[in-house]
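Residue numbers (the UniProt record's numbering): 1 to 316.
Glycine included, every Cβ here is placed at the ideal spot set by N, Cα and C.
Only a predicted model underlies this, so the values are computations on that prediction, with no experimental measurement involved.
Have a look at the structure below before the remarks.
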Amino acid sequence: MEKQTILVIDDEKSTHVMLKAMLGKDFNLKFANSAQEGIDLAAENSINLVLLDIQMPELSGIELLESIMTDIALRSVPVIVMTGKATEDIEEQAREIGATEFVSKEFLFSNKDDFKSLLNEHLLEEAKQFKLSDRYKQDFRTIIKKIQTESVHGDFFSACRKLAVGLMNSFDIDYISFWKIQRSKPSLILSIGDRQPENFGPDELMSERAFRELARTKRPYMTNNPRAEENKGVFADTSKELGLSSEAGIPLFKIDKDTFTKNGMVIPGSTPLFGFVILKRNRVFTTKEYKLLSRFIIQCGTILWGLYRKLYSNNE
């Protein structure tokens, strides 16, 4: 009989060693040192249960639990929260969010048989997997063709819309917005999605740390809980209300397709921005998805830049 798989997410190596000694003969164990590594392992493996440490750097266990419970693909997987410093407030918070059980590490390591019984009680009979579709390569080619057609026969707004719709269909994006940056200030170009944040415009965005960092570093960012990581996401509280647990921000550069290609598909460090894209959804982003989306949107941006120049030539 094939062993059931338990994903352990804990930044303490000692916990990994002890759990392997306790459970290794009975279960197939996968170990993650961080929340994002746990998300990536969940995408690569079929999981029957998650053991989640509550105290971790960057994205904490509570913050990851919030995102898992929002994620339509992962929320059916049982999550047992474990902690070395149990308090009634933390336990109540974890259970309210959706934790199946809450255990102290003291109990976990001193009551081996009881802990195994707890695991067996909650293990899914049929493992779940959060998997990236293999169709993305074909989808990317289709989207690129549509944008290239717009570059000849269409306009900037139409090309942005086609890119947005293609990404929403291929990557389950719930909300996407395109912004231009002119004289260091953002302006909304286009937003699409059923879950539209209200009363949020350029003035509000200027106060967001995520926007300021993107504009300063000219680098993409990703977070699987916009309210975590020192407010790394934009309109974080509204996003939570709308059930949008994850976010990516991708810069758009002032470089055309030919120059980009001649430069080995690399953006020169001195290239300024003309805009950026924000993606939000109710599923966590894996590292692979984030890297694929970043590269693809930056590539598409080289086509959009040509259309943008035609539209805003008098203001650039």
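- In this structure V284 touches S246 by the C-beta definition: roughly 5 Å separates them, less than 8 Å.
- The segment 96-106 and the segment 79-87 touch, with no fewer than 3 CB-CB distances between them shorter than 8 Å.
- Taking the Cα of Q182 as reference, the smallest distance to any Cα among S34, F276, A73, K257 is reached at F276.
- Around the beta-carbon of V17, fewer than 16 other beta-carbon atoms lie within 10 Å, marking it exposed.
- By the C-beta criterion, the segment 55-67 is judged to be in contact with the segment 215-233, since at least 3 inter-stretch pairs fall below 8 Å.
- Note that the segment 138-157 does not touch the segment 119-129; fewer than 3 beta-carbon pairs, one per stretch, sit closer than 8 Å.
- With a contact defined as Cβ atoms closer than 8 Å, C160 and F178 qualify at about 5 Å.
- Of the residues assessed, E2 falls on the exposed side of the cut-off, its CB having fewer than 16 other CB atoms within 10 angstroms.
- The beta-carbon separation of L190 and A215, rounded to 19 Å, does not stay under the 8 Å limit for a contact.
- Distance from the CA of S270 to the CA of D258, rounded to the nearest whole angstrom, comes to 17 Å.
- Using a Cβ distance threshold of 8 Å, I278 and G306 do not count as a contacting pair.
- By alpha-carbon distance to L123, the top candidate from M56, G193, R295, S46 is S46.
- Scanning its chain for C-beta atoms nearer than 7 Å, with the 5 sequence neighbours on each side dropped, one finds no residue around T149.
- One Cα belongs to G166, the other to Q299, and the distance between them is close to 15 Å.
- Distances from the CA of R309 to each of G264, D256, M265 were compared; the closest alpha carbon is that of D256.
- Between A73 and F107, the alpha-carbon positions lie close to 30 Å from each other.
- Annotated as distal: L59 and Q93, with beta-carbon spacing of 8 Å or more.
- For secondary structure counted as the beta strand (DSSP E) over 3 or more consecutive residues, the UniProt domain "Response regulatory" (5-120) holds these complete runs in sequence order: 5-9, 28-32, 49-53, 79-83, 101-104.
- At least 8 Å separates the beta-carbon of K30 from that of L19.
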